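*Asks:* The opening position of the sequence shown corresponds to residue 11 in our numbering, with each subsequent residue numbered one higher.
I have a structure here, written as structure tokens, and I will follow up with some questions on it.
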Amino acid sequence: MTARPQTSLAAGAPWPKTDKPARRNGPRVDLTQLSIVNEPPPMERCRKGRKYDALFDELQPDRRIKCPPDMTNPVSNALRTWLKDKKIAGRVLSRKHCPDGFGGVWWVQDRPGAAPRKAGRP
């Protein structure tokens, strides 16, 4: 029994051409636009503020932030971060589809005397 060739290369076909120039990713750099300056490296990150801060400053507990359904996750994550940075007690609830067709994000304060909430879902 003779072995059958498995690929076209095994059948005696010429090796694929490799003389193509290397492919470059991205635009070429114009060296005339580069310069060296005497500037020290930044020692801290530049923070000008977050985009939802003005909205969250006006927000009161148990009020809804009405937003498009695809924006509920980013807004709720930003609200959690804002509450953590400000050291404000409470939790964030979100819902993608409310009866009015929009999404909603709420800041809910912990009620005094309420049982402590378990981590994760029951």
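Note that beta-carbon positions come from the ideal geometry of N, C-alpha and C, so glycine has one too.
As the structure is a prediction and not an experimental result, all values here were calculated from the model.
(1) Which residues mark the beginning and the end of the beta strand (DSSP E) in which VAL102 is found?
(2) Here's the rule: buried if 16 or more other CB atoms are within 10 angstroms of the residue's CB, otherwise exposed. What is GLY113?
(3) Between LEU103 and the rest of its own chain, which residues show a CB-CB distance below 6 angstroms, the 5 nearest in sequence each way excluded?
(4) Cβ atoms of PRO79 and LYS106: under 9 angstroms apart, would you say?
(5) Report yes if the CB atom of LYS76 is closer than 9 angstroms to the CB atom of ASP120, and no otherwise.
(6) Using DSSP with H/G/I as helix, E/B as strand and the rest coil, what is VAL47?
*Replies:* Here's the rundown:
(1) That run of the beta strand (DSSP E) goes 101 to 105.
(2) Buried is the call here.
(3) Around LEU103, the same chain offers TRP116 and VAL118 as residues with beta carbons nearer than 6 angstroms, after the five sequence neighbours per side are excluded.
(4) Yes, they are a contact pair.
(5) No, these two residues do not count as a Cβ contact at 9 angstroms.
(6) In the structure shown, VAL47 sits in coil (DSSP, three-state: anything other than H, G, I, E or B).
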